[in-house]
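Sequences listed follow chains A and B, in order.
In terms of our numbering, the first sequence is residues 19 to 348.
In terms of our numbering, the second sequence is residues 170 to 375.
Built from N, CA and C at the ideal position, the CB exists for glycine as well.
Since the structure is predicted, the reported quantities are computational estimates derived from the model, not experimental observations.
Here is the structure we will look at, set down as structure tokens.
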Amino acid sequence: MKKFINDPGNVLAEALSGVAAAHPDLRVDPVNRIIYRGEPTRQGKVALISGGGSGHEPLHGGFVGPGMLDAACAGEVFTSPTPDQMLEATKVVDAGAGVLHIVKNYTGDVLNFEMAAELAEAEGVRVASVVVNDDVAVEDSTWTAGRRGVGTTVLLEKIVGAAAEEGYDLDAVVALAQRINAAGRSMGVALTSCTVPAAGKPTFDLPEDEMEVGVGIHGEPGRHRVPLASAKEIAAMLVDPIVNDFDAGGPAIVMLNGLGGTPIIELYLMYGEVAPLLEAAGVTIERCLVGNYITSLDMAGCSLTVLKADDELLRLWDAPVRTSGLRWGV
Amino acid sequence: MEQLTDWLRRFRLLVDEHQTELTELDSVIGDADHGANMARGMAAVVAKLDAESSANIAELFKTVGMTLVTSVGGASGPLYGTFFLRFGMSAGPVPALDPGALGAALRAGLDGIVARGKAELGDKTMFDALAPAVDAWDESVTGGGSAADASVAALAAAEGGRDATIPLVARKGRASYLGERSAGHLDPGAASSTLLLSALADSLRA
């Protein structure tokens, strides 16, 4: 293992110190491992918190700031944060209009956020949750823990964040979040595994001439292992499962996301391959993002997210945002 | 109560001893953190045991459960945490448990895991080891067995249930994303749950 670390047990704490040093406009609570905006939530604004295991940066801490999240709870690498962290964040950011928990659909995240929501309700804070489950790689969801929450989470946090800034109330924010989740689909592939610092070696072995299709964001193997293919062929492996899963036609926001170990030049090359395939499938790409937004440590690979977008979603997408991970219009 | 505290300390030692193995099992069908998470949680539990004494069994296991819930994360935190919280609620504010009451507390803990995780037998989870173990405990006690006898029967049943997870296709948790590829591997949660029963058997026979 070759990593910029001092002690595998201190990676998260030391990274949070770095976040605090790099971003004086954020407030980091090192004890509870929460990243807040520098300013308290405006009275009457619905507050948004998210959280999850670390190792997916910039998700979620990189999306805290005006126009997006109010706080993010960081768990250990690939491990959900705990209910006490989420409860603390929920109480701190509540400004009287309630708090939305944005949860990615993984057993641990869902269980911990459920416990936190119960505790917060008991303390008089109104909490609603949306569970993102957009990963088309998980096929038969009745026999699994359900589809994983992946790329759509990023787009949802941006759009719902803008809605909260605009003054949507909690019910409207929840309805919008559910609508976005229902309209988003993602698919990922990996060329390498990744190395969890505490484990010290790659989570699985992947020979030079093979790749994994249908990976999530935790270094877990995908649904299938296939021989390494050209970018053009891989683009079809990303696009086909998405456009076959739902009626993808019409205007959309598209994200071609790197999993952490893939150079940006390859992401652009891949975007060049997926865009015409999407257009051929009837998708009109209105907005796009290319880059590392929801990662899996040092995994080489990428994921494609397609979010069907109407005028409301596009307007909220274009609204100003000022976070370390996404920043425009300000 | 001393034996139950000893159970927790022994569980911590077993988790430490098997930490790498648990993580390796998890790296095959999960996300390679089960050993580290359980070790961190049980270290926090033992630190609590060292720092403060509980007045009764209910209080002891409330502390243990909340410590796990707030220190582990992942799915294991709420699941093991709920197990111990319900165990303590069932046991009540008493200084000691007879074999029947201990079995009832184990059953309550198991029911708590089901309430939170919605697992069923054969889903390839910790439930597959714990459920037969609690059944075996009850059967042993009904047949006149002591707590030590029951714990040995429960451990054997847990080992059987744990090993029976190998051919299963996971239907819960992160392993379920692998579909058929999860078959052929031992479930890490079933493995750590078996350690819990192993620690119990060790402390009751000591």
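Sheet register partners of residue i (DSSP bridge)
{"i": "ALA360 of chain B", "result": "BP columns for ALA360 of chain B are empty, so no partner."}
{"i": "ASN275 of chain A", "result": "A:GLY309, A:SER321"}
{"i": "GLY202 of chain A", "result": "A:LEU325"}
{"i": "HIS119 of chain A", "result": "A:ILE67, A:SER147"}
{"i": "THR213 of chain A", "result": "A:PRO220"}
{"i": "ALA270 of chain A", "result": "A:ILE303, A:LYS326"}
{"i": "ARG345 of chain A", "result": "A:ARG340"}
{"i": "ALA208 of chain A", "result": "A:GLU230, A:GLY319"}
{"i": "SER72 of chain A", "result": "A:VAL95"}
{"i": "VAL82 of chain A", "result": "A:LEU87"}
Distance between residue j and residue i (C-alpha atoms, nearest Å)
{"i": "TRP346 of chain A", "j": "ARG285 of chain B", "result": "41 Å"}
{"i": "ALA38 of chain A", "j": "GLU57 of chain A", "result": "14 Å"}
{"i": "GLU291 of chain A", "j": "VAL150 of chain A", "result": "27 Å"}
{"i": "THR97 of chain A", "j": "GLY358 of chain B", "result": "15 Å"}
{"i": "SER35 of chain A", "j": "VAL110 of chain A", "result": "20 Å"}
{"i": "THR171 of chain A", "j": "GLY202 of chain A", "result": "9 Å"}
{"i": "ALA325 of chain B", "j": "PRO84 of chain A", "result": "57 Å"}
{"i": "GLY353 of chain B", "j": "ALA208 of chain B", "result": "25 Å"}
{"i": "ILE177 of chain A", "j": "THR100 of chain A", "result": "26 Å"}
{"i": "PRO281 of chain A", "j": "GLN196 of chain A", "result": "33 Å"}
{"i": "VAL192 of chain A", "j": "GLU175 of chain A", "result": "12 Å"}
{"i": "ASP318 of chain B", "j": "GLY242 of chain B", "result": "34 Å"}
{"i": "ASP189 of chain A", "j": "SER147 of chain A", "result": "11 Å"}
{"i": "HIS352 of chain A", "j": "ARG350 of chain B", "result": "What the structure shows of chain A is the stretch from 19 to 348, and residue 352 of chain A is not part of that stretch, so it cannot be assessed."}
{"i": "MET211 of chain B", "j": "PRO338 of chain A", "result": "45 Å"}
{"i": "VAL257 of chain A", "j": "THR162 of chain A", "result": "23 Å"}
{"i": "PRO264 of chain B", "j": "ALA201 of chain B", "result": "38 Å"}
Limits of the unbroken beta strand (DSSP E) element including residue i
{"i": "TYR54 of chain A", "result": "52-55"}
{"i": "MET229 of chain A", "result": "228-231"}
{"i": "ARG11 of chain A", "result": "Beyond the ends of chain A as shown, which are 19 and 348, falls residue 11 of chain A; an answer cannot be given."}
{"i": "VAL156 of chain A", "result": "Counting along the chain, VAL156 of chain A falls outside any beta strand (DSSP E), and DSSP gives it neither H nor E."}
8 Å Cβ cut-off: residues of chain B touching residue i
{"i": "LEU77 of chain A", "result": "Within chain B, no residue comes near LEU77 of chain A; the closest Cβ sits about 16 Å away, beyond 8 Å."}
{"i": "SER72 of chain A", "result": "Here the premise fails: no neighbours, minimum Cβ distance about 10 Å."}
{"i": "MET133 of chain A", "result": "VAL238, PRO247"}
{"i": "PHE222 of chain A", "result": "SER196, VAL197"}
{"i": "HIS351 of chain A", "result": "Only positions 19 to 348 of chain A appear in this structure, which leaves residue 351 of chain A out of reach."}
{"i": "ARG51 of chain A", "result": "Within 8 Å Cβ-Cβ: nothing; ARG51 of chain A doesn't reach chain B, min ~10 Å."}
{"i": "ARG203 of chain A", "result": "Those do not exist, as ARG203 of chain A stays about 16 Å from chain B at its closest Cβ, beyond 8 Å."}
Under 7 Å by beta carbon: chain A residues contacting residue i
{"i": "VAL214 of chain B", "result": "Neighbours of VAL214 of chain B on chain A: none; closest Cβ ~14 Å, over 7 Å."}
{"i": "ASP297 of chain B", "result": "Simply none; closest approach about 15 Å."}
{"i": "SER309 of chain B", "result": "Residues of chain A passing the Cβ test: none, with the nearest at roughly 32 Å."}
Chain-ordered chain B contacts of residue i [CB-CB under 7 Å]
{"i": "ARG241 of chain A", "result": "GLY348"}
Contact set between residue i and chain E, taken where Cβ atoms lie within less than 8 Å
{"i": "GLY242 of chain B", "result": "The structure shown has no chain E; the protein chains it does contain are A and B."}
For residue i, the first and last residue of its enclosing alpha helix (DSSP H)
{"i": "ALA92 of chain A", "result": "No alpha helix (DSSP H) holds ALA92 of chain A; the beta strand (DSSP E) holding it covers 89-95."}
{"i": "VAL168 of chain A", "result": "Element bounds for VAL168 of chain A: n/a, residue is neither H nor E."}
{"i": "ARG340 of chain B", "result": "ARG340 of chain B -> no alpha helix (DSSP H), and no H or E assigned at all."}
{"i": "HIS242 of chain A", "result": "Taken as a continuous stretch (DSSP letters only), HIS242 of chain A belongs to no alpha helix (DSSP H), being part of the beta strand (DSSP E) at 242-245."}
{"i": "PRO259 of chain A", "result": "249-261"}
{"i": "THR280 of chain A", "result": "Run containing THR280 of chain A: none; DSSP gives neither H nor E here."}
{"i": "ASP280 of chain B", "result": "268-286"}
Contacts of residue i in chain A (Cβ-Cβ under 8 Å)
{"i": "GLY342 of chain B", "result": "THR125, ALA163"}
{"i": "ARG255 of chain B", "result": "Those within 8 Å of ARG255 of chain B in chain A number zero; the least Cβ separation is about 13 Å."}
Proximal residues of chain B, C-beta to C-beta of residue i below 9 Å
{"i": "GLU304 of chain A", "result": "By Cβ distance, chain B contributes nothing, its closest Cβ being about 31 Å from GLU304 of chain A, past 9 Å."}
Counting Cβ pairs closer than 8 Å, one from the stretch 204-217 of chain A and one from the stretch 260-279 of chain A, do we hit at least three? yes
Between the stretch 41-55 of chain A and the stretch 96-106 of chain A, are three or more C-beta pairs nearer than 8 Å? yes
Contact between the stretch 72-90 of chain A and the stretch 188-201 of chain B: three or more CB pairs below 8 Å? no
Would you check if there are 3 or more beta carbon pairs closer than 8 Å linking the stretch 114-122 of chain A to the stretch 135-143 of chain A? yes
Within 8 Å, do at least three Cβ pairs link the stretch 235-255 of chain B to the stretch 266-285 of chain B? yes
Stretch pair the stretch 305-316 of chain B + the stretch 126-137 of chain A: three plus CB contacts closer than 8 Å: no
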